[in-house]
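**Student:**
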Amino acid sequence: MRRIAVIVALGITLVGVAAGVALAAGGFDDAETPITGAALTRASAAALASTGGGRVTETEVGDEDGYYEVEVTLAGGRQVDVHLDRSFNVLGSVADTERPDDKDSSAER
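For the record, in the sequence shown the residue sitting at position 78 is 77 according to numbering that gives the first Met the number 0, with numbers rising by one throughout.
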């Protein structure tokens, strides 16, 4: 019985270490949670009103710059990330352009 307890404890420790390594390496950074349901409708409407139109192309809950982030693609292909609080108030927006190395380059709008 004691042997099983040691094996279980070792397994739990290894899982914890693996999670810590993945977090330190940025393994969880790309786990974006999209906005869904009624919140998606409200966030999209607020973002599109802020940009004066366009098409919602990506959303995220728990963004580092606000509670919600809505990416809007404008006519001509320019993208704007609109940051909203929990009440769907616009906190700000950032022009977002993709580079060939697939990194985002942002400039305040």
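We put the beta carbon where it would ideally sit given N, CA and C, even for glycine.
In three-state terms, what does DSSP make of G91?
**Tutor:** Here residue 91 is taken as the residue at index 92 of the sequence shown, counted from 1. Here G91 sits in strand by DSSP.
**Student:** What does DSSP give as the partner residue(s) for E68 in the beta ladder?
**Tutor:** Looking up residue 68 in the sequence shown gives position 69. E59, H82.
**Student:** Give the DSSP-derived three-state secondary structure of R77 in the structure shown.
**Tutor:** Start at 1 with the first residue of the sequence shown, and residue 77 comes out as number 78. Three-state result, R77: coil.
**Student:** From the beta carbon of G51, is the nearest beta carbon of chain D less than 7 Å away?
**Tutor:** In the structure shown, chain D does not exist; there is a single protein chain.
**Student:** State buried or exposed for S43, treating a residue as buried only when at least 16 other CB atoms are found within 10 Å of its CB.
**Tutor:** In the sequence shown, the residue the question calls residue 43 occupies position 44. Answer is buried; the Cβ neighbour count reaches 16.
**Student:** From the DSSP output, in three-state form, read off T50 for me.
**Tutor:** The residue given as residue 50 occupies position 51 in the sequence shown. The answer is helix: DSSP assigns T50 an H, G or I state.
**Student:** Check this for me: beta carbons of A46 and V93, under 7 Å apart or not?
**Tutor:** Translated into positions along the sequence shown, residue 46 becomes position 47. Translated into positions along the sequence shown, residue 93 becomes position 94. No.
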